[in-house]
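Worksheet: one structure, shown below.
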Amino acid sequence: MLVALSGAASGIFVVIANAWMNTPTGFTFANGAFTGIDPIAAMRTPAALPQTLHMTLAAYAATGLGVAGIHAFLLLKNRTSAFNRAALTIGLLVGAPAAVLQPISGDIAARSVARRQPVKLAAMEELYETRAGAPLTLGPGIEIPYALSLLAFHDPHAVVQGLNAVPRAEWPNVPLVHWSFDIMVSLGT
């Protein structure tokens, strides 16, 4: 139990550092100098909670279901193994609830990105034009009308900022971001 908790804490601190890069807080930058540096405020950046929740659930889902899968396979070889049966049970007790909660945390994290990093959302969804009632595009050109607006803002008519809202020089690598996001979603993480 201690290993699981300390491993999660370590991962959470790494994700908090990433969240800070996405929504930096805890300092003032004026006249070329950083002042008022507050590490605790930096750790409480607005992106920290959605990102750490999503990562922690993903880690427990992947680990729990991975353990369950290994011990289910081993039970096929030796159906009387009490150890493998117990490990399968523990893996499912950890992994299944985390997997069920993962889409909810993904929704929370995605809405945070939509509000705080609209260019990132536009790249994730390959949305080139700002649109009200933006569709969600699945695969090569299958559009679900209004779905992106609904997912991002819980309003089917909300305006979703497209990449056209910023200079092209500020665009991320759109194909890399888009396909990485699609693969992550397809894997259920």
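Start counting the sequence shown at -8; every next residue gets the next number (my numbering). Glycine is no exception: its CB is placed at the ideal position from the N, C-alpha and C atoms.
- Three or more Cβ pairs drawn from the stretch 39 to 58 and the stretch 82 to 100 lie within less than 8 Å of each other, which places the two stretches in contact.
- Per DSSP, the unbroken beta strand (DSSP E) holding alanine 21 starts and ends at 19 to 21.
- In the structure shown, the three-state DSSP call for leucine 139 is helix.
- Here glycine 82 is not near glycine 124, since their CB atoms are 7 Å or more apart.
- CA-CA distance, proline 15 to alanine 33, rounds to 7 Å.
- In the structure shown, valine 151 falls within a strand segment according to DSSP collapsed to helix, strand and coil.
- Burial check for leucine 139: the Cβ neighbour count within 10 Å reaches 16 or more, so the residue is buried.
- Excluding sequence positions up to five before and after proline 126, its CB lies within less than 7 Å of the CB of Glu134, Ile135, Pro136, Tyr137, Ala138, Leu139, all in the same chain and listed in chain order.
- With fewer than three CB-CB distances shorter than 8 Å, the stretch 59 to 73 does not count as touching the stretch 15 to 30.
- The C-alpha of alanine 49 lies about 9 Å from the C-alpha of leucine 92.
- Looking at the backbone, the Cα of histidine 145 and that of threonine 71 are separated by about 50 Å.
- Ranked by Cα distance from valine 85, the first of Leu40, Pro147, Ala149, Ala59 is Ala59.
- Residue range 24 to 26 is occupied by the beta strand (DSSP E) that includes alanine 24.
- For threonine 71, no alpha helix (DSSP H) run applies, since DSSP gives it neither H nor E.
- According to the DSSP secondary-structure assignment, isoleucine 133 is paired through a beta bridge with Leu129.
- With 16 or more other Cβ atoms inside 10 Å of its own Cβ, leucine 118 counts as buried.
- Excluding the 5 residues flanking it on each side, phenylalanine 172 has same chain C-beta neighbours closer than 7 Å at Met115, in chain order.
- Per the C-alpha coordinates, the member of Gly17, Leu154, Ala90 positioned closest to histidine 169 is Leu154.
- Taken through DSSP and simplified to helix, strand or coil, alanine 38 comes out as coil.
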